[in-house]
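Below is one structure; the comments refer to it alone.
There are 4 protein chains.
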Amino acid sequence: MAFEFKAVRRVEFSETDMAGIVHYSNFFRYMETVEHAFFRSLGHSVILKNFDPPLGLPRVHAECDYLKPLRFEDEVEIHILVAEKGSKSLSYLFRFRKLNADPPVEVARGRLTVVCVAHHRDGSMRAAPLPKAVTDLITVAPREQIEAFAKS
Amino acid sequence: MAFEFKAVRRVEFSETDMAGIVHYSNFFRYMETVEHAFFRSLGHSVILKNFDPPLGLPRVHAECDYLKPLRFEDEVEIHILVAEKGSKSLSYLFRFRKLNADPPVEVARGRLTVVCVAHHRDGSMRAAPLPKAVTDLITVAPREQIEAFAKS
Amino acid sequence: MAFEFKAVRRVEFSETDMAGIVHYSNFFRYMETVEHAFFRSLGHSVILKNFDPPLGLPRVHAECDYLKPLRFEDEVEIHILVAEKGSKSLSYLFRFRKLNADPPVEVARGRLTVVCVAHHRDGSMRAAPLPKAVTDLITVAPREQIEAFAKS
Amino acid sequence: MAFEFKAVRRVEFSETDMAGIVHYSNFFRYMETVEHAFFRSLGHSVILKNFDPPLGLPRVHAECDYLKPLRFEDEVEIHILVAEKGSKSLSYLFRFRKLNADPPVEVARGRLTVVCVAHHRDGSMRAAPLPKAVTDLITVAPREQIEAFAKS
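Protein chains in written order, with our numbering: chain A, -12 to 139; chain B, -12 to 139; chain C, -12 to 139; chain D, -12 to 139.
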C-alpha cells in the first residue's frame, strides 16, 4: 500500500513571470503532475479510462503556501503524501524543496482534495466511489508523518 | 475607500483541459487578473513601479474551492473582496459566478494573501510596508459582507 | 459573408515571463481566442458540437513573427483576416497592434491553418468538409487586403 | 562544436485541451525548453546573465506544423538542430516524435529564430552580437542533416 511519492523537475522559462519567479499558479500544475506520476508508479493512469463510465478525479479544493521564490532552472522536488482517504475522495499534502541550494530548502507546501466522478454519456459528471483498483493500492500515510509534514 | 471589484471574462479554449472543463490552476490566474483590474480601477498598476526600490505583491497563500465546472465560452464573473489589511499584507476573498446560467450559479470561491515586497538591486526581495497610495485607497470590507461572502 | 474580425485584450501578469515581456507562446493563444470570437460573431461556436459526429478545427500550421515586445497591461488589438478557404481547411492572417502607444504600433503578425475534423466515437479524428453553416458565412478577404496585410 | 540535442518529456494533464490533445501553443513551450537544455548541455544557461549588460535570446520567428495529435502521458522526444548561425541570431529546426508508438511516429516539426539582445538599464532591449562563449560552442549542422530534417 503506497502513501507517498517524490518527483523532481526543473523550472522552465515559460513558467516564470515578469517578477523573475515561478508564477504562483504553476505550483498547482506541479502538484497535479506529481499526483499523476504517483498513480503511474502504481500502474494506473489517473485517467482511469478503462472504467465504464470513465472515471476522473477533479479537484474540489486546492491550496498552497509560498515560502520562498523558485526561479528559472531551479530543481524542485515535489513530495506528495496521502493525508485522507474517503470512499469517494482523496486528500494529499505536498512539500516543495529547492534542491539546488545547500542545504536544500523548502519553498512551498500545498494541499489538494480530489473526488472521484463518473463521466456519463450525457456530459454530466457525478460523484462515484473510488475504484477498488485504487483503494487497494493507496492508503493514508502514518499519522506522525502527516503531522510532521503539515507542521515542520 | 474601495473594498471590492467585479470583472467578467469568457473562458478561452486554451484554458480547458481534456476533461472538458477549465483547468483548476486557471482559477488562480483569474483571481490575480481581477486583483490587478481592481488596482487599475483605483488608478494604480499592481506593479507599483514608480517606487524606489520597486514594489511587488507576491502571493504567500492561495486557495480555491471548486463547486461546479466551468466550460469553454462560459461567462464568469469574478468578485474580489478585501478581507484583511495589514501593514505589509492584504487578504482577498473571491467568488466566481457563471453568468450564462439561469439563474447565475456560483462555481468557485477563493482566497489570496499577498505581501508587499521591495525588489532590491541585488536581486533580493524583502517585505516592505504597503505604500500610502495603496493604504489610502483600499480598506477592509464591512464584516457582514465578509461573513456573507465566506459562508453563503 | 465575413472575412475579418478585431478584438482587443489587455496583457495579464501570468502571460509575462522573466524577461518582462509576453511569453512568445501566448501569441498563439491570442490568435485562437480571436478566431473563436470571430466565429461567435457569426453565431457559431468554434466547437461545432451540434454536428454528429462532432466537428473540430485543429491547427495544422501556426507561425508568428515578433516585431516588438508586449508588456504587462499593454492593450493589444488582434486583427484576423481569412486568407484561404478550402473544402476542409481555413487559413488566417493575424496582425497584433499595441494600442497604448502613440501612434499604435504593430508588434507581431501571424498565420494559422486549421482543418475540419470529425471526432468519431472510437476516439479517432478524420478530416471532414467544413459544414455549410460555416462556408455560407465565411469568405476569403479581397486580394488587396490580404497583400497589404501580409507585407506592409 | 555542438549542433543538435534531444530531450524527452511526458505530456502533462494541464497541457491538454478539451479536444483531448496537447494544446498547439504548448509545442512552442516544448521547443524553448529543449533549446535551454541544449544550452545547459554546453555549460551555459540561456539567460546569459553573467554578461554586462545582461544578454537574452528573444524569439523573432516561430512556426510549427502539426502532423498527429499528442495526448496525455504520451512520451515525446524533441530533437533540436542548429540550422543557421548569424552574428546576432540563431535558427533551429525541431522534430517531435511520439515514442510510445510502435514504431515511434513523428507528430510535429518546428522552427525558431532567436536574436541576441542586450537588456540595458533603461529597460530597452537592443540587438547585440552573440557572445564568443556561445559562438565557440555552437555550429550549424551539416547540410545533409538539415535537408533530411526539413523534408523527410
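Backbone N, C-alpha and C fix where the C-beta goes; we use that ideal spot for every residue, glycine too.
Same chain only: Cβ atoms within 7 angstroms of residue i, ignoring 5 sequence neighbours per side
| i | result |
| --- | --- |
| residue 140 (chain A) | Lying outside -12 to 139, the shown extent of chain A, residue 140 (chain A) is not represented and no answer is given. |
| residue 121 (chain A) | 31 |
| residue -6 (chain D) | 21, 24, 65 |
| residue 87 (chain D) | 61, 62 |
| residue 7 (chain A) | 58 |
| residue 13 (chain D) | 2 |
| residue 38 (chain B) | 118 |
| residue 144 (chain A) | Chain A is shown only over -12 to 139; residue 144 (chain A) falls outside these bounds and no answer can be derived. |
is_contact[residue i, chain A] using C-beta, thresh 7 angstroms
| i | result |
| --- | --- |
| residue 19 (chain D) | yes |
| residue 130 (chain B) | no |
is_contact[residue i, chain D] using C-beta, thresh 7 angstroms
| i | result |
| --- | --- |
| residue 50 (chain C) | yes |
| residue 46 (chain C) | yes |
Cβ of residue i within 7 angstroms of any chain B Cβ
| i | result |
| --- | --- |
| residue 38 (chain C) | no |
| residue 97 (chain A) | no |
7 angstroms Cβ cutoff, residue i in contact with chain C
| i | result |
| --- | --- |
| residue 121 (chain D) | no |
Contacting residues, own chain, Cβ-Cβ under 8 angstroms from residue i (five flanking each side not counted)
| i | result |
| --- | --- |
| residue -3 (chain B) | 60, 61, 62, 63 |
| residue 91 (chain D) | 64, 84, 85 |
| residue 10 (chain B) | 2, 3, 4 |
| residue 74 (chain C) | 116, 117 |
| residue 112 (chain C) | 43, 45, 104, 105, 106 |
| residue 108 (chain D) | 40 |
| residue 0 (chain A) | 59 |
Proximity test, residue i beta-carbon vs the ligand HEM heavy atom, cut-off 6 angstroms
| i | result |
| --- | --- |
| residue 93 (chain A) | Among the components modelled here there is no ligand, and therefore nothing to report on the ligand HEM. |
Close beta carbons around residue i, own chain, < 6 angstroms, minus the five adjacent residues each side
| i | result |
| --- | --- |
| residue -12 (chain D) | 126 |
| residue 41 (chain C) | 106 |
| residue 102 (chain A) | 47, 75, 76, 114 |
| residue 72 (chain B) | 127 |
Item to check | the stretch 123 to 130 of chain A contacting the stretch 86 to 99 of chain A, beta-carbon criterion three pairs below 8 angstroms | outcome: no
Item to check | Residues within the stretch 58 to 80 of chain C neighbouring chain A, beta-carbon criterion of under 9 angstroms | outcome: 58, 59
Item to check | 3 or more residues per run - each beta strand (DSSP E) lying fully within the stretch 11 to 98 of chain C | outcome: 46 to 53, 62 to 72, 76 to 85
Item to check | Within 7 angstroms of chain A by C-beta, residues of the stretch -3 to 31 of chain D in sequence order | outcome: -1, 0, 1, 16, 19, 20, 23
Item to check | Segment contact, 8 angstroms Cβ cut-off, at least three pairs: the stretch 17 to 31 of chain A with the stretch 70 to 85 of chain A | outcome: Enough Cβ pairs lie closer than 8 angstroms, so yes.
Item to check | the stretch 47 to 57 of chain B touching the stretch 46 to 61 of chain A, judged by at least three CB pairs closer than 8 angstroms | outcome: yes
Checklist entry - Going along the chain, which residues of the stretch 108 to 120 of chain D sit with their C-beta nearer than 9 angstroms to a C-beta in chain C? => result 110, 112
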